[in-house]
Structures are given as structure tokens and as C-alpha cells.
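Protein chains: 2
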Amino acid sequence: MKNVPLAIDVVEAKASRIDSVDFENLIFGNVFADHMMECDFKDGQWQNPVIKPYGPIQLDPSAKVFHYGQAIFEGMKAFKDDEDQVWLFRPEANIERFNISSKRLAIPEFPKEVFLEGLKTLLNLDRDWIKKGFGNSLYIRPFVIATEPGVSASPSKTYKFMIICSPAKAYYSGEVRVFFADKYSRAADGGVGYAKAAGNYGAQFYPTNLAKEQGYQQIVWTDASTHEYLEEAGTMNIFFRVGEKLLTAPTSDRILDGVTRRSVIALAEEYNIPVEVRRVKVAEIVEAAKKGELKEIFGAGTAATINPVKGFGNKGEKFELQDQEDSYATFFKKKLMEIQYNKAEDKFGWRMLVEKD
Amino acid sequence: MKNVPLAIDVVEAKASRIDSVDFENLIFGNVFADHMMECDFKDGQWQNPVIKPYGPIQLDPSAKVFHYGQAIFEGMKAFKDDEDQVWLFRPEANIERFNISSKRLAIPEFPKEVFLEGLKTLLNLDRDWIKKGFGNSLYIRPFVIATEPGVSASPSKTYKFMIICSPAKAYYSGEVRVFFADKYSRAADGGVGYAKAAGNYGAQFYPTNLAKEQGYQQIVWTDASTHEYLEEAGTMNIFFRVGEKLLTAPTSDRILDGVTRRSVIALAEEYNIPVEVRRVKVAEIVEAAKKGELKEIFGAGTAATINPVKGFGNKGEKFELQDQEDSYATFFKKKLMEIQYNKAEDKFGWRMLVEKD
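Top line first, the protein sequences correspond to chains A and B.
The first sequence begins at 1 in my numbering and counts up one residue at a time.
The second sequence begins at 1001 in my numbering and counts up one residue at a time.
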């Protein structure tokens, strides 16, 4: 056990599991790097964090996370450049949102410096798990769960913060078609849709299963009151290209303020791609599709980066999109990856180097 | 280890913890009986259930319940009569709702017979934890959590069903005042509000904390779109008495179909108390309060049974309610308890005897 700055205890794994991993055939989120970070909240404060070998945790069956879903998470990625340097992409944006989510779920905020210092220490220990080359990354999953035992519906007095990491290639494999929600909903006004609250995700599984039976991999959620406006896809924000114009919904208390979404908007402005952040009507997208003006739909999120959508369904109708030679999705993905993998100038200051210990 | 019908394995605790429990000073949901029931779902089916000593469970940190809130629960109670007989109250209604909740969260339904047989076996083992006397009960918490490791947002392939039990007196101690939601929301149309989904509860903690700062213990949730209609209180359904008339909102995909709620409506009909199940406007309740026609508000739920509300807040205004000599809340609570504790005829067939093994 050695101590690093900020009193992070580090217990190194006796042996690495890395040789047992087939990095060419990774299933997203299925394999975890050798170490994890853990930090408990009790007696009104976050305790000393520890980095230790990845392994199971033990909880009382009455722990509040099991009963009341008091839990939030983030998704981040680390990339390796050709010189074996490791980079994070806009980590401070994720940490900020982590604490925005925590606040909404009545979870104590986690100190930014401990988060970042702990994450860097963790990444240095598991550097070998980050592979070079476009598309390869280490997916980082920070999360907090309510650990206090007791089945009364009130905020927990104890919590566990963790960071676990999973080597990743693509999030969705294969073609993605989406269904525009016309019955089920993801979030209410005044609810927790803008937070990465655990319960937001489990609630989507059943409607998504129904959509899958109809040949759609994802749902584009619409406003719960009227189903007239397109909002987000649950694991990604969503963009529509009509003619040369890019459309996406404004963030709200129902829609996650995605870091990749924000980055796409910034890149669009930088490269003079007309972008309108405004409410997007289902009717206008359907009409654009019928007129041949709907050129592209794509999702933007940390796990998926930029995910082109091949077609969509709305009520009874199915629409297919043509491949575009001047695809915006391809353009943004390339621009983002060039920054993420240290292949291009970082005008926006989005990259953060993980200095070697 | 002995086998009971339906192949439920029973591992008895070596020693009981019961002597360490102060049954006169119980905090709700804080102490658990000696045994718990556990049943795992894998390879596409529920495995052999086991009843064993209450104790911690071990999960991978990437288990889906932690990240995606794929979890649901129920609340039930067992009562003991003067002849030491143990009774359940409408258990089939809870089991039915357990599976309605499961379906919405894409969790495989649990077989009703195994649930009931397992529960009865569990209650027989922990009979001594059920104390006689009005107000004493054993609170029963069945729940399911998604246990599959992996941080991709998709339904788990493995689950753990559990029943844990906690000796209980009252749920809320002290006077309860409620705040009518005017900004935050509990559920969306097309969402999971009608299910006992874990995430529905954690999402209420922060707004409830804000209400507590204003002197309210609970929030009465209103419709997310307009905040004009009163819906439910998150852990209880809510009833309003205007003059002699009882009002409560109809169930919907936003409102839990409470067993106690249903029982109150049935009792009202039985005893010729006029009851209207219809949308209840905030404005009409405020107006009735101002005219002195609002006689009572009370909550109805398994944990709380019937919970009288002493006052409410709406926007800037605070209202206090006068104690009623002919209180409906007191009447329904008495009628319910007489049935629950085998002190009155069970016209509706709500009681179920837990036969001794």
C-alpha cells in the first residue's frame, strides 16, 4: 500500500487480468480493468478514497440503492495517442454534471479534485488497458450508490462512490434505426430527466424492447405531454440534418446536457455548419423525410461518440435515410476523434493530459 | 437444511437476534427479522428459492441495478391476532402488482405460488417477530434487483428476488403536513409512475427535502404538465374529504394503484360514505379549505395504513385542518385494523391465514 497526494490509498492487483482479454472482440462494458476507485461517505463526509483491485462489493439487502434507486453515474473516456500519452476528453464537464445529478438525487456532491486526482491515479495504474488507434478507448464509469440499510423512503446517510473502467471499441455495432416515441415517455417536466439518474435507464428497457420487436434499436423520446417534439435518445442526444441545417433540441429538465452534444454544436459553429438549437417537431422531420430534405439523423454521446441513424419509424410509417457523401456525422466523428487522440490542434481546450506518475 | 413443498431450501439461523430488539421503540424499516428469502434468475428461469439467515449480499460493482435502476419492490404486512394466528392482508393484490411493476421494468415476472409459499414459510420461521396488538406488524419487503455485470444500458439477464421483513409500529411519527407540488414532478404520462420502480422514490428525495425546509413532511404530487391536479403522495395515495364527500384521483400510468387506496374505496362504499374517484383540482381543494368545507386530508398506503394530514401548503399559502370528531381517517383506520387483526368479519375476503407449518 502506497500513498499518493490527497491521501488516496492504492492497493495494487497482484496479477493483471489483461492477457485474458481479447481486445479485438470487445463487447461494450463487459470487461473491466484491473483496478477500481472506491470512496465511502459516512458521518457527513467523504472518507479517504482507495484504489484497489476490481472486485465485488458487499451490501445489506436493505441498502437504499436497491429499493429507492438513489444512484447516479457518468460516462467518460480515456484515449491513447501514438506517443503512448493518455488523454481525457472534457473531464471537468463530466465531473460538473456528476454533481448536478447528485444534487437532484439528494446525494452529497463529490469533491472535484479528489475525483480527478483519483481518476488519473487509476488510469496510470491501468495504462496498458488503453489501446492506441481510432475507436479504441477506455470507457470510464464513475457512479454513486446509496448504501444505508433501511426500507424507509428517505435519503441515505451513507454512500459509495466508485470508478470502474472498461476497454471499449464501438458502443452500438451494426446499423441503428430509431423509433419516435408516441406512447411511452422517458421524463417529466420537473423530474430527473436532465440527471444521469439510474432509474432513468431501467425505465426505458421495456419500451425499447417493444421497439426492438419492430426493428428499431433505440427510441427517440418525445415530450411526455404531447409527443409532438423530439427530445433525446436515452443514451444519446439526437441531431437532425435537414438540407444543410443541423437541428437539435435545447436542453431542459427533461433532456440530458450531453458533453458530446455540446461539442458537436461548438464544432458546427467553428466550421460554419448552420445549427439551430430549438424544439424540433416530429411533424417537421417526417415532412422533411417525405420531401427528401432529411439528409441525416445521428446520435451524440460519450459511449457512442457519433452514431449515424439509418432510418426511423413514426407511428405506422418507416423511413430509410440515404448515405451522404458529405456526411455531417462522419465529419463530426472525425473532428472529435482527431482532438481526442491528439491528432489535431485542441482549439477549445477539451483535452486533458494524464501525466505519468 | 430441510425441504418444504415447491423445493424451497431452508437454512435456519443458528441463533435468533430477537432479544436484542426493543419492540417498543422501533424506527420504521431499521431492524430485520432473522431470515430472508432469496431466489435467483439465470439461464432464462427462476432457480430454486432459498430461505436463509438475514445477511449481506455480494454483487459486481457493474451490476445493472447500480447503474440503471432496474429494480422494483412491494410493501406488505403480516399481523398477529389474539390467538397468535398470523394473517396477511390482500397478499395476492401485492403479488399481482409486483409482476405489473416487473413487466414495466423489463424484469421477468415471479411465479405467484412460489412467492406466496416462500413468504408463508418465511413468516412461520420468524413468527416471534410479529407482535400482537393494534399498530404492531411485520412489514414485508419483496424486491427484485438486476444483477448482471456490465455497463451497457440494456436489460439484465440475471436477477435476484428477495423478501426481507422488518417489525414495525407506525410509519410516520408525529404530525404530517403536505405540500402541493408546483414545480417538481414524480411521474410522466407514459412513464413508470404506476410501478413500484426503485427510481420513482430516489427522484422524490430532493424536492421532499426542499418541502421539509418549509415545514412539510411530504409532497402531494400533481400532474407534471400543468400542476393543476392532485395525484398521490409518493409513499401513499391521497384522499380529500370535502363536506361529507370523499375525493381521490383515479389511477393512471402516473399513479400507483394502492391496495390500501382500493380498500378505503371499498369500505366507503360499504358504509355509505359518498366517494368520488375523479381528477381533483388543486383549486377546488384550496377553495374548499378557504370556505371551511375541507374537513380532512389523509394518506393511504401499506406502510402508513391511514395517515391523517394536519395541514397543507400551496404556493405561498399555508392551511391548517381542524380535528374532526367523526373523522373518516380514524374510521377507515379502525375498520382496516379490525379486519387485519381478525377482530371483525372479513366480508371482502381480504385476510389470508398463514397456517402453521
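Glycine included, each C-beta is placed from N, C-alpha and C at the ideal position.
Predicted model only: the values in this text are computed from it and were never measured.
Cβ neighbour criterion (16 or more within 10 Å) applied to residue i
i: residue 308 (chain A); result: buried
i: residue 27 (chain A); result: exposed
i: residue 7 (chain A); result: exposed
i: residue 122 (chain A); result: buried
i: residue 1282 (chain B); result: buried
i: residue 62 (chain A); result: buried
i: residue 201 (chain A); result: buried
i: residue 287 (chain A); result: exposed
i: residue 1001 (chain B); result: Any reading at residue 1001 (chain B) needs caution, since the residue's pLDDT is 39, under 50, leaving its predicted position unreliable; the model's value is listed next. Result: exposed.
i: residue 1341 (chain B); result: buried
i: residue 272 (chain A); result: exposed
i: residue 1274 (chain B); result: exposed
i: residue 196 (chain A); result: buried
i: residue 141 (chain A); result: buried
i: residue 1263 (chain B); result: buried
i: residue 48 (chain A); result: exposed
i: residue 1185 (chain B); result: buried
i: residue 1005 (chain B); result: The predicted position of residue 1005 (chain B) is uncertain, since its pLDDT is 48 and thus under 50; a value taken from the coordinates is nonetheless stated next. Exposed.
i: residue 1193 (chain B); result: buried
i: residue 1022 (chain B); result: exposed
i: residue 1043 (chain B); result: exposed
i: residue 1204 (chain B); result: buried
Between the CA atoms of residue j and residue i - distance to the nearest angstrom
i: residue 1032 (chain B); j: residue 1084 (chain B); result: 20 Å
i: residue 1300 (chain B); j: residue 1237 (chain B); result: 5 Å
i: residue 1210 (chain B); j: residue 1228 (chain B); result: 20 Å
i: residue 159 (chain A); j: residue 289 (chain A); result: 48 Å
i: residue 1323 (chain B); j: residue 1261 (chain B); result: 22 Å
i: residue 134 (chain A); j: residue 303 (chain A); result: 14 Å
i: residue 18 (chain A); j: residue 127 (chain A); result: 11 Å
i: residue 1053 (chain B); j: residue 1015 (chain B); result: 9 Å
i: residue 1024 (chain B); j: residue 226 (chain A); result: 51 Å
i: residue 1239 (chain B); j: residue 1310 (chain B); result: 13 Å
i: residue 1206 (chain B); j: residue 1317 (chain B); result: 21 Å
i: residue 353 (chain A); j: residue 102 (chain A); result: 26 Å
i: residue 356 (chain A); j: residue 248 (chain A); result: 39 Å
i: residue 1242 (chain B); j: residue 1078 (chain B); result: 33 Å
i: residue 1165 (chain B); j: residue 1075 (chain B); result: 10 Å
i: residue 259 (chain A); j: residue 269 (chain A); result: 16 Å
i: residue 1059 (chain B); j: residue 55 (chain A); result: 9 Å
i: residue 80 (chain A); j: residue 1094 (chain B); result: 52 Å
Any non-hydrogen atom of the ligand MG within 6 Å of residue i CB
i: residue 1097 (chain B); result: The ligand MG is not part of this structure, which contains no ligands at all.
Proximal residues to residue i (C-beta, below 6 Å), its chain only, five neighbours per side dropped
i: residue 129 (chain A); result: 33, 138, 167
i: residue 150 (chain A); result: 62
i: residue 1110 (chain B); result: 1161
i: residue 1320 (chain B); result: 1311
i: residue 1198 (chain B); result: 1069, 1071
Close beta carbons around residue i, own chain, < 7 Å, minus the five adjacent residues each side
i: residue 189 (chain A); result: 253, 254
i: residue 1216 (chain B); result: 1177, 1178, 1179, 1313
i: residue 1338 (chain B); result: 1344
Where the beta strand (DSSP E) through residue i begins and ends
i: residue 139 (chain A); result: 137-146
i: residue 121 (chain A); result: No beta strand (DSSP E) holds residue 121 (chain A); the alpha helix (DSSP H) holding it covers 112-125.
i: residue 72 (chain A); result: 71-73
First through last residue of the alpha helix (DSSP H) which encompasses residue i
i: residue 340 (chain A); result: 328-340
i: residue 261 (chain A); result: 259-270
i: residue 208 (chain A); result: 198-213
i: residue 66 (chain A); result: 64-68
i: residue 1289 (chain B); result: 1282-1290
Identified DSSP bridge partners for residue i
i: residue 313 (chain A); result: A:179, A:318
i: residue 1087 (chain B); result: B:1079, B:1353
i: residue 35 (chain A); result: A:53
i: residue 1363 (chain B); result: Lying before the first or after the last residue shown, residue 1363 (chain B) is absent from chain B, which here runs from 1001 to 1357.
i: residue 222 (chain A); result: A:230
i: residue 375 (chain A); result: The structure shown does not extend to residue 375 (chain A), since chain A is modelled only from 1 to 357, so the question has no answer here.
i: residue 1159 (chain B); result: B:1041, B:1146
i: residue 1167 (chain B); result: B:1138
i: residue 14 (chain A); result: DSSP output for residue 14 (chain A) lists no bridge partner at all.
i: residue 1026 (chain B); result: None; residue 1026 (chain B) has no bridge partner.
i: residue 59 (chain A); result: B:1057
i: residue 1132 (chain B); result: B:1080
Proximal residues to residue i (C-beta, below 8 Å), its chain only, five neighbours per side dropped
i: residue 51 (chain A); result: 8, 9, 10, 11, 35, 36, 37, 38, 118, 121, 122, 125
i: residue 1191 (chain B); result: 1253, 1254
i: residue 1146 (chain B); result: 1063, 1064, 1065, 1068, 1070, 1071, 1107, 1155, 1156, 1158, 1159
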